[in-house]
Amino acid sequence: MKDVKARRGAEIDSDHHLLVAKMKLMLKKRRKTRETVLQRFNTASLQHIDKLNEFKIALINRSQAIQELLKKETTVENNWNGVNEALTSTFQEVLGLKEHHHKEWIPIETLKRT
Numbered sequence: 001m002k003d004v005k006a007r008r009g010a011e012i013d014s015d016h017h018l019l020v021a022k023m024k025l026m027l028k029k030r031r032k033t034r035e036t037v038l039q040r041f042n043t044a045s046l047q048h049i050d051k052l053n054e055f056k057i058a059l060i061n062r063s064q065a066i067q068e069l070l071k072k073e074t075t076v077e078n079n080w081n082g083v084n085e086a087l088t089s090t091f092q093e094v095l096g097l098k099e100h101h102h103k104e105w106i107p108i109e110t111l112k113r114t
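Residue numbers (my numbering): 1 to 114.
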């Protein structure tokens, strides 16, 4: 509230007075949503020996490609983008994405009772 004034003289047969106020509104800032969804990889599959060996081989092959890429690129940003792309593509190919299991908020038994 910046300023408040009571105005008298409203001819309405009441003992109340009109209040005039100047206010400054502080509106909540809107949060920006992320454009990319967070990717969670299925790391539980690495407990299987076959999947672990497949992942190691794929990662070694990608690391050789990354080494060649790092020799060509000049900036740190380009180097990081190359490494990040190689790693995430390896994770996605070998491990796959983790499935999201959301718990039902109303059990089926409750819905059947109604």
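Don't be surprised by glycine CBs; every beta carbon is placed ideally from N, CA and C.
| request: Could you pull the start and end residues of the beta strand (DSSP E) that aspartate 50 belongs to? | output: Unbroken run through aspartate 50 is the alpha helix (DSSP H), 49-72; no beta strand (DSSP E).
| Outcome for leucine 95 when other beta-carbon atoms lying within 10 angstroms are tallied against a minimum of 16 | buried
| What does DSSP give as the partner residues of aspartate 3 in its beta bridges? | Lys22
| query | For leucine 111, which of helix, strand or coil comes out of DSSP? | reply | Note: leucine 111 maps to helix in three-state DSSP.
| said: According to DSSP, simplified to helix, strand and coil, what is leucine 95? | reply: The three-state secondary structure of leucine 95, taken from DSSP, is coil.
| field | Cα-Cα separation, glutamate 77 to glutamate 93 | value | 24 Å
| task | Compute the distance between the beta-carbons of leucine 97 and asparagine 53, then report whether it is under 9 Å. | result | no
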